[in-house]
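Protein chains in written order, with the working numbering: chain A, 1 to 157; chain B, 1 to 157.
Just below is one structure, and these are the notes that go with it.
Protein chains: 2
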Amino acid sequence: MSHKLNLDHLDLQIIQSMMENAEISYADLGKRLSVSGGTIHVRIKKLQEFGVVKGTRLAVDMRSLGYDVIAFVGIYLEKSSLYESVANDIKQIPEVIRLNYTTGNYSMFVEIVCKDIIQLKHVLHEQLQNIKGIDRTETLISLEESFRRNPIVYRPN
Amino acid sequence: MSHKLNLDHLDLQIIQSMMENAEISYADLGKRLSVSGGTIHVRIKKLQEFGVVKGTRLAVDMRSLGYDVIAFVGIYLEKSSLYESVANDIKQIPEVIRLNYTTGNYSMFVEIVCKDIIQLKHVLHEQLQNIKGIDRTETLISLEESFRRNPIVYRPN
DNA sequence: ATTGAAAGAGTCTCAGT
DNA sequence: ACTGAGACTCTTTCAAT
Numbered sequence: 001m002s003h004k005l006n007l008d009h010l011d012l013q014i015i016q017s018m019m020e021n022a023e024i025s026y027a028d029l030g031k032r033l034s035v036s037g038g039t040i041h042v043r044i045k046k047l048q049e050f051g052v053v054k055g056t057r058l059a060v061d062m063r064s065l066g067y068d069v070i071a072f073v074g075i076y077l078e079k080s081s082l083y084e085s086v087a088n089d090i091k092q093i094p095e096v097i098r099l100n101y102t103t104g105n106y107s108m109f110v111e112i113v114c115k116d117i118i119q120l121k122h123v124l125h126e127q128l129q130n131i132k133g134i135d136r137t138e139t140l141i142s143l144e145e146s147f148r149r150n151p152i153v154y155r156p157n
Numbered sequence: 001m002s003h004k005l006n007l008d009h010l011d012l013q014i015i016q017s018m019m020e021n022a023e024i025s026y027a028d029l030g031k032r033l034s035v036s037g038g039t040i041h042v043r044i045k046k047l048q049e050f051g052v053v054k055g056t057r058l059a060v061d062m063r064s065l066g067y068d069v070i071a072f073v074g075i076y077l078e079k080s081s082l083y084e085s086v087a088n089d090i091k092q093i094p095e096v097i098r099l100n101y102t103t104g105n106y107s108m109f110v111e112i113v114c115k116d117i118i119q120l121k122h123v124l125h126e127q128l129q130n131i132k133g134i135d136r137t138e139t140l141i142s143l144e145e146s147f148r149r150n151p152i153v154y155r156p157n
């Protein structure tokens, strides 16, 4: 992480392409980017060694599994020094899939995924609110996710 | 349509495992779950047909690519009927990777990924604020991401 | 660093259960 | 529905450039 990475256009194109679809074969991706499959292989191995690439993950449609509710919760702390302790307690709640320490309105900001509103209510009132050091919370419930996409790391022109 | 799929424990275990790491072979995953590799293959094909599985994606450490800044922006609309038009304008901003229509404090909520604060400032002031129909915005900048993980779809016991 | 080809490993299909 | 084996495809290594 302390080393400066020197990534060229080919590296970025590979990343851009495989962030969207990691199933493409090295040979096919090589064809598309005008190099051999062997070169794709070497580059990906390098990116893994450098820690840029962290593996591949199955993309799952959570709604079709019955996880219909996404909520965001802004958290106000009693004292900002309680961050570590509160973060640790929050991590014990499996429905919380993400926690950020933030500037701005809130001290902390979490994302929650649940099967229904009943379960969300349970997480908010029985779990989150009981954590020592949390002053109060504000909840945003997502009625619709308009889009979600990857950052653009390679822009052709 | 998102109901009523009949998925059993095996399906959920496959999903749970491959959400974390999609590189495992069918044979190895089968061993772990006490079935043959062929069965894993059939199940995954079924999950793809049902639309539960949407492919695989490369997991990338954005920070090592120089994308150091994550920000969340809450948006107040002049009228909530402007949602569609504003959503469309927001989608044109490549740094915005996610947009949700929400209840609660804000009408809309976006996530932004940038290389630095300069770029974030540009996105906020030259792009977002110029969109017709946006009343005002509140920005949360992430100072640290404490954790990020997948939802739990299978809990052993 | 990239290539092409051979060796090794994984996916996919199918007949049998 | 699951299994195991054969056919096929992809990954990985490596000598040559």
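Quick reminder that beta carbons are idealized off the backbone N, C-alpha and C, glycines included.
For ASN130(B) and PHE72(B), the gap between their C-alpha atoms comes out near 18 Å. The Cβ atoms of GLU145(A) and ASN100(B) sit closer than 8 Å to each other. Taking a beta-carbon distance threshold of 8 Å, LEU143(B) counts as an interface residue toward chain A. Using a CB distance cut-off of 8 Å, GLU126(B) does not count as an interface residue toward chain A. Scanning the segment 67-139 of chain B for uninterrupted alpha helix (DSSP H) segments of 4 residues or longer gives 83-91, 117-122, listed from N- to C-terminal end. Within chain A, no residue has its CB atom less than 9 Å from the CB of GLY38(B), the nearest being about 19 Å off. Contact of THR137(A) with chain B by beta-carbon distance below 7 Å is absent, the smallest such distance being about 11 Å. Residues of chain B with a Cβ closer than 7 Å to the Cβ of LYS79(A) do not exist; the shortest Cβ-Cβ separation is about 16 Å. With a threshold of 8 Å between beta carbons, GLU23(B) makes contact with chain A. Taking a beta-carbon distance threshold of 8 Å, ASP61(B) counts as an interface residue toward chain A. DSSP, reduced to helix, strand and coil, places ARG32(A) within a helical segment of the structure shown. Between GLY55(A) and ASN21(B), the CB-CB gap stays under 8 Å. When secondary structure is reduced to three states using DSSP, GLY37(B) falls in the helix class. Taking a Cβ-Cβ threshold of 9 Å, none of the residues of chain B is close to ILE134(A); the smallest such distance is about 14 Å. Counting along the chain, the unbroken alpha helix (DSSP H) around LEU12(B) starts and ends at 9-20.
For ARG149(B), a Cβ of chain A is located within less than 8 Å of the residue's own Cβ.
In the structure shown, GLU23(A) falls within a coil segment according to DSSP collapsed to helix, strand and coil. Taking 8 Å as the CB threshold, LEU99(A) lines the interface with chain B. When C-beta distances to chain B are compared with 9 Å, the residues of the segment 10-35 of chain A below that value are LEU12, ILE14, ILE15, SER17, MET18, MET19, GLU20, ASN21, ALA22, GLU23, in chain order. Across the set LYS46(A), ASP89(A), GLY66(A), the C-alpha of GLY66(A) shows the shortest separation from the C-alpha of ASN6(B).
Under the 10 Å beta carbon count, GLU95(A) is surrounded by 16 or more other beta carbons and is classified as buried. Secondary structure of ARG155(A) (DSSP, three-state): coil. By DSSP's assignment, VAL60(B) forms a beta bridge with VAL53(A). Looking at the backbone, the Cα of ARG32(B) and that of HIS9(B) are separated by about 14 Å.
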